[in-house]
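Its first residue numbered 1238, the sequence shown is counted upward by one per residue in the working numbering.
We put the beta carbon where it would ideally sit given N, CA and C, even for glycine.
None of the values given here were measured: they were computed from a predicted structure.
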Amino acid sequence: MTGTSEVMEASTDFGHIIASSPLGVVTARSAADVRELVSFAGPHGLPVSARGAGQALYGQGQAHGGYVVDMSALDDVRCAPGERTLSAGAGASWRAVVRAALAEGLTPPVLPDHLGGSVGGLLSTGGLGGSSHRYGLVADWVRELEVVTGTGERLVCAADRRPDLFHAVLAGLGQCALIVRATLALVPAPTHVRRYRLYHDAPGTYFTDQRRLARDSRFSHVSGQARPALGGGWHYMIEAVVPHDGGPPADDELLIGDLDHDRDTEETADLSYAEYVHRLDRDERLLRATGEWDRPHPWLTLLLPEEAAASFVPALLAEDAQRGLRCCGTVQLRPLSARTLRAPLLRRPEGELLCLLALMRTAPPAAPDVVRRMVAANRALYERARTVGGVLHPVGALPMTPGDWRDHFGPGWPELVGVKDQYDPHHVLTRGYGLWT
Ligand SMILES: Cc1cc2nc3c(=O)[nH]c(=O)nc-3n(C[C@H](O)[C@H](O)[C@H](O)COP(=O)(O)OP(=O)(O)OC[C@H]3O[C@@H](n4cnc5c(N)ncnc54)[C@H](O)[C@@H]3O)c2cc1C
1238 MTGTSEVMEA
1248 STDFGHIIAS
1258 SPLGVVTARS
1268 AADVRELVSF
1278 AGPHGLPVSA
1288 RGAGQALYGQ
1298 GQAHGGYVVD
1308 MSALDDVRCA
1318 PGERTLSAGA
1328 GASWRAVVRA
1338 ALAEGLTPPV
1348 LPDHLGGSVG
1358 GLLSTGGLGG
1368 SSHRYGLVAD
1378 WVRELEVVTG
1388 TGERLVCAAD
1398 RRPDLFHAVL
1408 AGLGQCALIV
1418 RATLALVPAP
1428 THVRRYRLYH
1438 DAPGTYFTDQ
1448 RRLARDSRFS
1458 HVSGQARPAL
1468 GGGWHYMIEA
1478 VVPHDGGPPA
1488 DDELLIGDLD
1498 HDRDTEETAD
1508 LSYAEYVHRL
1518 DRDERLLRAT
1528 GEWDRPHPWL
1538 TLLLPEEAAA
1548 SFVPALLAED
1558 AQRGLRCCGT
1568 VQLRPLSART
1578 LRAPLLRRPE
1588 GELLCLLALM
1598 RTAPPAAPDV
1608 VRRMVAANRA
1618 LYERARTVGG
1628 VLHPVGALPM
1638 TPGDWRDHFG
1648 PGWPELVGVK
1658 DQYDPHHVLT
1668 RGYGLWT
């Protein structure tokens, strides 16, 4: 068991909105440590949550009146290039995963944009990144998991070995088991990429192009942003990437000639693949230097049916309530194709084409009223999104009741209740999401 500073750290997270103290923090150095803690806590009804990199936004990894298992020491990463797999401890960061894979000329097919999160934390929410429109979730490329269930059992599961447990853990919000180790599939990494930034003045042309790129496979990575325009309004940017081997560059005309962006402002850059996957490291350093990294982050992430996004997004950005996003936040958009998203517990809207909308707001320090208003705005927006078929992507700052979660999982709820009762009968794991009363 660790001391006061660890308890203080485990009492908060990147969101800096919810703060609740656990009774203690246990640093796991092996699966046996996790097993021992859960075996003790379960029958006593004491909450247990894993903590990876602490990137939760609304207390999802906290364990009020119980124990936090600090996974950060379970950080070893072993690459097996012959098998094209990599085995990582749950506390390893995605930076460490990328380092080990790239040393062998390999990469996970899908990586999160930001590499600072932990393997276990990201897999428990699913994990989305630039190549998700083609290759689905980060979790869809997991070959095997070693976990500790809420009954304190250490089990290994895969698609063909205890599949019910495997599918309950991937994107399963830590409800049935804590991840101790994951084996990931790898593919050959490109040496270089060509990155296009394509600007649109109007949402109409942006969404038409986004739709087109979600359907075809000309780019390996596609994401987008809405950015404040000078003098008011918003413009939109598609970032699209094509891999190459450092030889003659791709045929630009073939790749972007039929798109509807402003040809005068398009930007093209050739980067090494490593530079590309680490593209947000510099932003993180900047935000840490300005102090914004440590401020409250009332983020909201939604998955919308693509046809609804084209009107929903511009309408909400025009509202007074979202004015703060112009100075202190990022509006991220990402085309997705439902066909590629496989983890059954990831909730998604109906339809083939989807759009992820992430409102990544930063609140001023020491202004709890402002934060409360932003969280209330998240709730209002979530309810509006549901009326157009949107669903929550559960990595934001949003109060959710057990009834909301029942609605969220919809027809999948009875099955989740069944696996929860089987693998975590005391309902002690990862209570921070508030799924149960
Ligand atoms: C700056 C930033 C950038 C992000 N970028 C992306 C992105 O590009 N793509 C994306 O999909 N998401 C992204 N996210 C969301 C983030 O990946 C998720 O919130 C993820 O759950 C964080 O995991 P963590 O271990 O880093 O954080 P933690 O706060 O430690 O954990 C988050 C949740 O996962 C649970 N958890 C942690 N470890 C385990 C484990 N071993 N077993 C079971 N449950 C566990 C915790 O209990 C908690 O509920 C980003 C978040 C931030 C703050």
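Residue i, DSSP secondary structure in three states
{"i": "L1450", "result": "helix"}
{"i": "R1579", "result": "coil"}
{"i": "V1375", "result": "helix"}
{"i": "W1331", "result": "helix"}
{"i": "S1248", "result": "coil"}
{"i": "S1368", "result": "coil"}
{"i": "E1589", "result": "coil"}
{"i": "P1349", "result": "coil"}
{"i": "E1476", "result": "strand"}
{"i": "A1546", "result": "helix"}
Among the options, the one whose alpha carbon lies nearest that of residue i
{"i": "L1283", "options": "A1268, Y1304, G1296 and Q1292", "result": "Y1304"}
{"i": "D1405", "options": "L1653, V1625, P1586 and Y1670", "result": "One point to set straight first is that residue 1405 is Ala, not Asp, in the sequence displayed. Residue L1653 is the option with its Cα nearest to A1405."}
{"i": "G1461", "options": "H1437, G1326 and L1467", "result": "H1437"}
{"i": "V1385", "options": "A1268, G1363, A1325 and L1583", "result": "A1268"}
{"i": "E1589", "options": "G1626, E1243 and R1576", "result": "R1576"}
{"i": "L1553", "options": "V1568, K1657 and W1378", "result": "V1568"}
{"i": "R1584", "options": "P1259, L1365 and V1244", "result": "L1365"}
{"i": "A1338", "options": "T1322, L1352, G1328 and H1351", "result": "T1322"}
{"i": "L1407", "options": "L1360, V1424, T1538 and T1388", "result": "L1360"}
{"i": "H1301", "options": "G1319, E1273 and P1259", "result": "P1259"}
{"i": "G1279", "options": "G1671, R1418 and L1666", "result": "L1666"}
{"i": "V1285", "options": "L1415, R1500 and T1241", "result": "L1415"}
{"i": "Q1299", "options": "D1250, A1555, T1442 and A1580", "result": "D1250"}
{"i": "R1643", "options": "L1672, P1636, H1630 and N1615", "result": "L1672"}
{"i": "A1463", "options": "E1476, C1316 and D1453", "result": "E1476"}
{"i": "A1580", "options": "F1403, R1431, C1565 and V1393", "result": "F1403"}
{"i": "A1395", "options": "V1379, L1582 and F1277", "result": "V1379"}
{"i": "T1505", "options": "E1490, R1519, V1514 and H1515", "result": "E1490"}
{"i": "A1613", "options": "W1536, R1623, V1625 and D1658", "result": "W1536"}
{"i": "L1573", "options": "L1582, A1604, R1563 and L1541", "result": "L1541"}
{"i": "A1426", "options": "C1316, G1640, G1342 and G1469", "result": "G1342"}
C-alpha gap between residue i and residue j, whole angstroms
{"i": "L1618", "j": "Y1372", "result": "29 angstroms"}
{"i": "P1349", "j": "D1606", "result": "32 angstroms"}
{"i": "G1326", "j": "T1362", "result": "17 angstroms"}
{"i": "H1664", "j": "F1549", "result": "37 angstroms"}
{"i": "L1382", "j": "D1495", "result": "43 angstroms"}
{"i": "G1353", "j": "G1528", "result": "17 angstroms"}
{"i": "G1633", "j": "R1449", "result": "28 angstroms"}
{"i": "P1345", "j": "V1335", "result": "8 angstroms"}
{"i": "L1570", "j": "E1543", "result": "11 angstroms"}
{"i": "L1539", "j": "V1628", "result": "6 angstroms"}
{"i": "L1508", "j": "L1517", "result": "14 angstroms"}
{"i": "L1274", "j": "G1296", "result": "21 angstroms"}
{"i": "Q1412", "j": "P1648", "result": "18 angstroms"}
{"i": "E1243", "j": "V1262", "result": "7 angstroms"}
{"i": "A1738", "j": "H1281", "result": "Any answer about residue 1738 is impossible in this case: the structure gives the chain only from 1238 up to 1674."}
{"i": "G1655", "j": "R1455", "result": "42 angstroms"}
{"i": "S1309", "j": "H1498", "result": "44 angstroms"}
{"i": "R1609", "j": "S1324", "result": "41 angstroms"}
{"i": "L1294", "j": "A1595", "result": "13 angstroms"}
{"i": "H1472", "j": "E1503", "result": "13 angstroms"}
{"i": "C1565", "j": "T1388", "result": "44 angstroms"}
{"i": "Y1510", "j": "V1375", "result": "18 angstroms"}
{"i": "N1615", "j": "P1602", "result": "19 angstroms"}
{"i": "D1401", "j": "F1646", "result": "16 angstroms"}
First through last residue of the beta strand (DSSP E) which encompasses residue i
{"i": "E1503", "result": "Taken as a continuous stretch (DSSP letters only), E1503 belongs to no beta strand (DSSP E), as it is neither H nor E."}
{"i": "Q1569", "result": "G1566 to S1574"}
{"i": "G1461", "result": "H1458 to P1465"}
{"i": "L1540", "result": "L1537 to P1542"}
{"i": "W1642", "result": "First-last for W1642: P1639 to F1646, but that is the alpha helix (DSSP H), not the beta strand (DSSP E)."}
{"i": "L1392", "result": "R1391 to A1395"}
Per DSSP, the bridge partner or partners of residue i
{"i": "A1419", "result": "A1325 and L1382"}
{"i": "C1316", "result": "L1323"}
{"i": "S1355", "result": "S1330"}
{"i": "D1307", "result": "T1264 and R1288"}
{"i": "S1509", "result": "H1429"}
{"i": "V1424", "result": "T1344"}
{"i": "M1597", "result": "T1567"}
Span of the alpha helix (DSSP H), counted from its first residue to its last, around residue i
{"i": "T1264", "result": "Note, T1264: premise wrong, no alpha helix (DSSP H); beta strand (DSSP E) at G1261 to T1264."}
{"i": "P1662", "result": "Element bounds for P1662: n/a, residue is neither H nor E."}
{"i": "L1402", "result": "P1400 to V1406"}
{"i": "A1526", "result": "D1518 to T1527"}
{"i": "S1286", "result": "Where S1286 is concerned, there is no enclosing alpha helix (DSSP H), although the beta strand (DSSP E) it sits in stretches over V1285 to R1288."}
{"i": "R1434", "result": "It is not in any alpha helix (DSSP H) - R1434 instead sits in the beta strand (DSSP E) that spans H1429 to H1437."}
{"i": "E1490", "result": "D1489 to I1493"}
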